[in-house]
Every structure is written in structure tokens, then in C-alpha cells.
Amino acid sequence: MPSVEHEAIVEMVKASPPAGGTVEESRAGFDAMLGMFPLADDVSIEEIMIEHMNADWVSVPESKDNRVVLYLHGGGYMIGSNTGYREFASRMARAAQARVLLINYRLAPENPFPAAVDDAVMAYRYLLDQGVSAEQLMVAGDSAGGGLTVATLVALRDGGSPMPACATCFSPWVDLAGEGDSAQPGAVDDPMIAIEGLQDMGTTYAGEDLRNPLASPLYANLSGLPPLQVFVGTREILLSDATRIVDQAQSAGVDASLNVGDGLIHVWQLFATVPEAAESLTQVGEFADKHLP
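Quick note on numbering: the sequence shown equals residues 1 to 293 in this note's numbering.
As C-alpha cells, this is what we get:
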């Protein structure tokens with residue numbers, strides 16, 4: 001049964017959805033929701049530029065110099081930012097004992113597909129150019145950023161870049177065509193995402209390319225990808241996205257694991273007050289310890 005704290009978040013989201021209105025209003029609302037949780041005093045933020053893109057190095061005292069997480073934020077490819085995700089990135093840094101590179105990849109509608117993929121690949125190659133080895137790297141992301149994580153791995157593989165040691169996806173959006181069972185009307189009671197809003201975001205980002213393997217990596221060949229850890233809740237429109245991408249990855253020979261949270265909502269890990277978030281990040285830490293130096 002979900003915790004009291006989780007259910008309080010559900011009621012908050014129902015009362016004040018994080019996305020709504022104009023694109024600008026949705027972006028501000030999403031960042032404001034994430035801003036409910038303050039940064040801990042021991043978190044270090046270093047602002048950098050990677051060509052045209054703002055990015056943050058987020059670290060905590062536990063961060064090891066030889067462990068790096070490239071984090072790709074969520075938001076349907078239309079909202080979300082590096083600054084909004086700093087608090088969550090700090091918890092990722094603590095869990096994985098790593099430095100986190102949090103990038104502000106370009107968003108639709110101003111910059112549609114494949115801009116986000118291009119920026120994520122650029123950030124990964126930037127890390128390699130800075131002397132970070134692939135064996136020291138985890139790529140991670142949530143929602144659209146989870147789908148972008150898998151798409152980035154596919155693009156890196158196809159481009160001949162070395163694979164990172166591992167990857168983690170929280171509630172990944174990997175099927176912009178929305179063909180999963182849980183994405184059908186009435187299938188689940190998802191307080192975070194409306195089917196119509198998800199469809200609008202998909203077409204705004206990818207247009208007619210909804211099944212392009214780099215927009216919807218469910219349609220990609222996943223062979224040769226690194227170990228993959230996926231989290232999803234049963235109260236999610238994207239439940240079927242997560243289950244299908246893990247099934248497809250395993251069929252392609254990838255070491256992929258699925259962690260299903262009974263009764264939990266979309267990317268519950270974002271909410272620092274929820275005990276289930278801490279439990280997920282403990283699993284992320286164990287995964288990092290298994291695959292990173």
C-alpha cells in the first residue's frame with residue numbers, strides 16, 4: 001500500500017496539476033512543483049556551458065570523482081530544466097556516490113526532434129572528451145528523459161561511441177505512438193499525466209515521426225545496450241511503456257531489470273518526502289555499485 005506521504009502528493013497533484021496553460025506557464029508550474037524541495041546545505045552546483053547548452057555539475061560529499069551520472073530530465077520534451085531538477089539530481093548523486101551532469105537539452109516546440117537526442121549525445125561525448133571513461137558513466141533519466149536515455153544509448157551505439165557502464169530509467173516514455181495497454185482511455189487512474197496531453201506532447205516533439213526509433217526507442221533494435229534498470233508504478237499511463245521496453249531489451253540480450261511500484265504514480269522518485277522515493281534511490285545506489293568503479 002502506498003505511504004501516507006505518497007498519497008498526500010497525489011492529492012496535491014490533483015488539486016494543482018504541474019502542467020497546464022501555455023507552454024511558458026507549464027514550464028514555470030513544473031519547476032515550481034520541483035522547487036518545493038530545498039537543496040541540502042552540502043550540495044555543490046557548478047554551472048557550465050556545453051556549446052549552446054546550459055548544464056550543472058551537481059555533487060555531494062559522497063560523490064566519487066570516478067563516477068559520473070549523465071542525467072536527462074523529464075517533462076514530455078516540452079517542459080523541465082536543469083535548474084528545476086537540481087534537488088533530485090543531488091539525491092541521485094548521493095545514492096550513486098557520483099557527480100551528476102544535469103543538462104538543459106533543447107525543448108519543443110522551439111526545437112523539435114531530434115534536438116533532444118542530439119544534445120544528449122553531445123553531452124555524453126563532452127564527458128568522454130573531458131577524460132571520463134565510458135566505464136565510469138551511468139546515463140539516467142525520467143519520463144521523456146527516460147525515453148531519451150534509451151534513445152541516446154541507441155544513437156551512441158549506432159555512432160560507434162563506447163557504451164556507458166549502465167543506465168537507469170524512471171517511468172520512461174518510449175512509445176510516443178501510445179499503443180500500450182495502459183495508455184488507452186480508462187485503463188489507469190493517472191493523476192500526473194492525461195492521455196490527451198501526452199499525445200499533444202508527442203506530436204509537438206516528433207510530428208509524423210512518432211515511431212522513429214530515436215523518438216520512440218520501443219521501436220529500436222536494443223541489442224548491444226548496457227545493463228538497464230527501469231522503475232514504473234502501477235498507477236501510470238506509461239506502465240506498458242516500461243514493461244515493454246524491458247521485455248524487448250531482455251529479448252535483445254540486454255541485462256534489463258524492472259522494478260514495479262504497486263499503486264505508485266509517475267516518477268514518484270521526484271518527491272523527496274515520499275519514503276518510496278528513498279527506497280528507489282537505494283536500489284539505484286546498489287545498481288551503481290554493481291556496475292561503476
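Note that beta-carbon positions come from the ideal geometry of N, C-alpha and C, so glycine has one too.
Owing to the predicted nature of the structure, the values given are computational and were not obtained by experimental measurement.
Beta-carbon proximity list for residue i, same chain, < 7 Å, skipping 5 on both sides
| i | result |
| --- | --- |
| Gly145 | Leu72, His73 and Gly74 |
| Pro227 | Cys166, Asp255 and His291 |
| Ser90 | Leu39, Ala40, Val43, Val58 and Val60 |
| Gly29 | Pro18, Ala19 and Gly20 |
| Ala116 | Tyr77, Tyr105, Arg106 and Leu148 |
Endpoints, the alpha helix (DSSP H) within which residue i is located
| i | result |
| --- | --- |
| Thr282 | Pro275 to His291 |
| Ser171 | Careful: Ser171 lies outside any alpha helix (DSSP H) and carries neither H nor E. |
| His6 | Val4 to Ala15 |
| Gln130 | Per DSSP, Gln130 belongs to no alpha helix (DSSP H) and is neither H nor E. |
| Gly202 | Ile195 to Ala206 |
| Gln250 | Leu239 to Ser251 |
| Phe30 | Val23 to Leu34 |
Local conformation of residue i per DSSP, three classes
| i | result |
| --- | --- |
| Gly224 | coil |
| Glu135 | helix |
| Ala123 | helix |
| Asp190 | coil |
| Met163 | coil |
| Arg86 | helix |
| Arg211 | coil |
| Leu156 | helix |
In DSSP terms, what residue i is bridged to
| i | result |
| --- | --- |
| Asn259 | Phe231 |
| Ile50 | Met53 |
| Gly45 | In the sequence under discussion, the amino acid at residue 45 is Ile, which differs from the Gly named in the question. DSSP, once it has assigned bridges, lists Val58 as partnering Ile45. |
| Ala140 | Tyr71 and Thr168 |
Host beta strand (DSSP E) of residue i (start-end)
| i | result |
| --- | --- |
| Asp65 | Lys64 to Leu72 |
| Arg99 | Ala98 to Ile103 |
Close beta carbons around residue i, own chain, < 8 Å, minus the five adjacent residues each side
| i | result |
| --- | --- |
| Ile9 | Ile265, Trp268, Phe271, Thr273 and Val274 |
| Ser3 | Val274, Pro275 and Glu276 |
| Leu34 | Gly84, Tyr85, Glu87, Phe88 and Leu270 |
Sequence-distant residues of the same chain with beta carbon closer than 6 Å to residue i, five excluded per side
| i | result |
| --- | --- |
| Pro112 | Tyr205 |
| Ser182 | Val188, Ile237, Leu239 and Ser240 |
| Gln229 | Thr168, Ser257 and Phe287 |
Self-check item: the segment 236-256 in contact with the segment 200-209 per 3-pair CB rule at 8 Å
Solution: no
Exercise. Determine, using beta-carbon pairs with one atom in the segment 150-165 and one in the segment 121-136, whether at least three such pairs fall under 8 Å.
Key: yes
Quiz item: Counting pairs of beta carbons, one from the segment 242-254 and one from the segment 88-101, are three or more of them closer than 8 Å?
Solution: no
Quiz prompt | Three or more C-beta pairs below 8 Å linking the segment 139-157 and the segment 213-232 | solution = yes
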